[in-house]
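Below is one structure, written out as structure tokens; the observations come after it.
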Amino acid sequence: MVSSVLFGINQPNLAKNAQYPIEVIVGPEVITGSTRGIGLGMAKEFLSRGHNVVVTGTSDESVEKGMKNIGENENVIGVPCLVENTDSIEAVWNRAVEKFNTVDVWINNAGAATSRNGLEKLSYEEIKRTVDTNLTGTILATRIVSSKMLEQGSGQIYMFEGFGSNGQLQNGITVYGSTKRALRYFTAAAANEYKNTPILIGSLSPGIVTTDLLIRASKDNSKGWERSKKILNLLADRVETVTPWLVEQTLNNTKNGAKIAWLTKRKVWGRFFGSLFSKRRVVDEWESELNQ
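Numbering (the working numbering), first residue to last: 70 to 361.
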């Protein structure tokens, strides 16, 4: 996933809902779109800490594949979910409560992207799928989940940022970037709306991570991919590097409106400086593994 560079864990002055005690999070955590990539990595990390987790994917097949990747574990269940469908979201919540009695954290990770073609060449279907998954689905899930969490008296909801969240522009990512830009406003607005409630709203920004979105980029534009790899080798990280940190920060967060970002400006400059002395080959090594 390609994400904008943010300013670390930036926590706006939205208060930390001080009148409501912050409970220790033991799960379950519901992670949409968690049968692969960053979502799957976070699910595994939560499980390694003894938490209960609900994994979701767009189909029975994808859920089965994700659960197989996780392996036998009584603390995890898999539920199919199309986030643009409210009945589907309700079903995930109900299944989680049926199994684990409550939901402590809901992470809106499900995402989609168009091809890297120009806007005029994109099909209606891929535009709609990207907007429905990234933006509409996140808004609908947050609406439903916030209502449930208000009833249970606690809970945290996180949105996933990505390339375009800070307004950065790049050809071929117009629709995807627009959804992420809109999500930043939605996250801030929701945090403001729930600042005097027992719900915490925040965002997660994983930076540039070696996932299937990068594979798609390479297939869409092989020449551009070779050029991009120079900067990606410098700034990208593996899923297993980023997800433990994201999980740790999520579990430790007590502030409403928190922006939890892995790839800070300070880290970017540090890597550029470090490249003068040694070369990072994160993407090259990852790509080599995929081709084995």
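All residues carry an ideal CB built from backbone N, CA and C; glycine is no exception.
Looking at C-alpha atoms only, which residue of the options is the closest neighbour of residue i?
{"i": "N178", "options": "L273, V311 and S347", "result": "L273"}
{"i": "R253", "options": "I242, G271 and Y263", "result": "G271"}
{"i": "N186", "options": "R340, Q239 and S131", "result": "Q239"}
{"i": "V352", "options": "G293, L303, I158 and Y193", "result": "L303"}
{"i": "W314", "options": "N322, D306 and W331", "result": "W331"}
{"i": "V200", "options": "K137, A259 and K249", "result": "K249"}
{"i": "S297", "options": "T279, L109 and A160", "result": "T279"}
{"i": "I300", "options": "V337, E309, G233 and G180", "result": "V337"}
{"i": "N321", "options": "F115, I107, G108 and P149", "result": "F115"}
{"i": "N325", "options": "E358, M228, T202 and F232", "result": "M228"}
{"i": "W294", "options": "G241, A160, N235 and E230", "result": "G241"}
{"i": "R307", "options": "E354, S347 and F342", "result": "E354"}
Going by DSSP, name the residue or residues bridged to residue i.
{"i": "F346", "result": "Beta-bridge pairing links F346 to no other residue."}
{"i": "V278", "result": "D306"}
{"i": "F389", "result": "Nothing can be reported for residue 389, as the shown portion of the chain is limited to 70 through 361."}
{"i": "I100", "result": "V124 and I176"}
{"i": "G246", "result": "Answer is none; G246 lacks a bridge partner."}
{"i": "G241", "result": "None; G241 has no bridge partner."}
{"i": "G224", "result": "I268"}
For residue i, which residues from the same chain have a beta carbon less than 6 Å from its beta carbon, with the 5 sequence-adjacent residues on both sides left out?
{"i": "A112", "result": "I100, S103, V122 and V124"}
{"i": "Y263", "result": "I270"}
{"i": "N265", "result": "none"}
{"i": "W175", "result": "V99, V214 and I226"}
{"i": "T243", "result": "L188"}
Tell me which residues share the same chain as residue i and place their Cβ nearer than 8 Å to its Cβ, disregarding the 5 neighbours each side in the sequence.
{"i": "Q221", "result": "T171 and V172"}
{"i": "R340", "result": "L303, L304 and R349"}
{"i": "F76", "result": "Summary for F76: the model assigns pLDDT 33, below 50, so the residue's position carries little reliability; its value from the coordinates is reported in the next sentence. Here the set comprises K328, A330, T333 and K334."}
{"i": "T155", "result": "L209 and I213"}
{"i": "Y193", "result": "none"}
{"i": "S347", "result": "none"}
My assumption, with CB atoms under 8 Å, is that residue i sits in contact with residue j. Please give the rounded CB distance.
{"i": "G206", "j": "I268", "result": "19 Å between Cβ atoms; not a contact."}
{"i": "P97", "j": "A182", "result": "Incorrect: roughly 28 Å between the Cβ atoms, too far for contact."}
{"i": "V276", "j": "V311", "result": "Inspection of the sequence shows that residue 276 is occupied by Gly rather than by Val. About 7 Å; that satisfies the 8 Å criterion."}
{"i": "T211", "j": "A257", "result": "The pair is not a contact, with the Cβ atoms about 13 Å apart (cut-off 8 Å)."}
{"i": "G110", "j": "E309", "result": "6 Å"}
{"i": "I139", "j": "V145", "result": "6 Å"}
{"i": "D281", "j": "G108", "result": "Not confirmed; about 11 Å, so no contact."}
{"i": "G246", "j": "F255", "result": "Between F255 and G246 the Cβ distance is about 15 Å, and since that is not below 8 Å, they are no contact."}
{"i": "T365", "j": "E143", "result": "A question about residue 365 goes unanswered here, because the residues of the chain that appear run from 70 up to 361."}
{"i": "E197", "j": "W162", "result": "Strictly speaking, residue 197 in this sequence is Lys, with Glu absent from that position. The pair is not a contact, with the Cβ atoms about 25 Å apart (cut-off 8 Å)."}
Which residues in the same chain as residue i place their Cβ atom closer than 7 Å to its Cβ, once the five residues preceding and following it in sequence are excluded?
{"i": "L151", "result": "T127 and S157"}
{"i": "K134", "result": "T104"}
{"i": "E195", "result": "T183 and S184"}
{"i": "S117", "result": "none"}
{"i": "S344", "result": "L303"}
{"i": "L204", "result": "T248, A251 and L252"}
{"i": "K168", "result": "I146"}
Taking 8 Å as the threshold (beta carbon to beta carbon), is residue i in contact with chain C?
{"i": "I139", "result": "Of the protein chains in the structure, only one exists, and it is not chain C."}
Checklist entry - In the segment 106 to 183, which residue ranges form an unbroken alpha helix (DSSP H) of at least 4 residues, counting only runs that do not cross its ends? => result Runs of the alpha helix (DSSP H) inside the segment 106 to 183: 106 to 117, 129 to 139 and 155 to 169.
Next on the checklist: Restricting to runs no shorter than 3 residues, where is the beta strand (DSSP E) found entirely within the segment 192 to 220?
Outcome noted: Here no run is fully enclosed.
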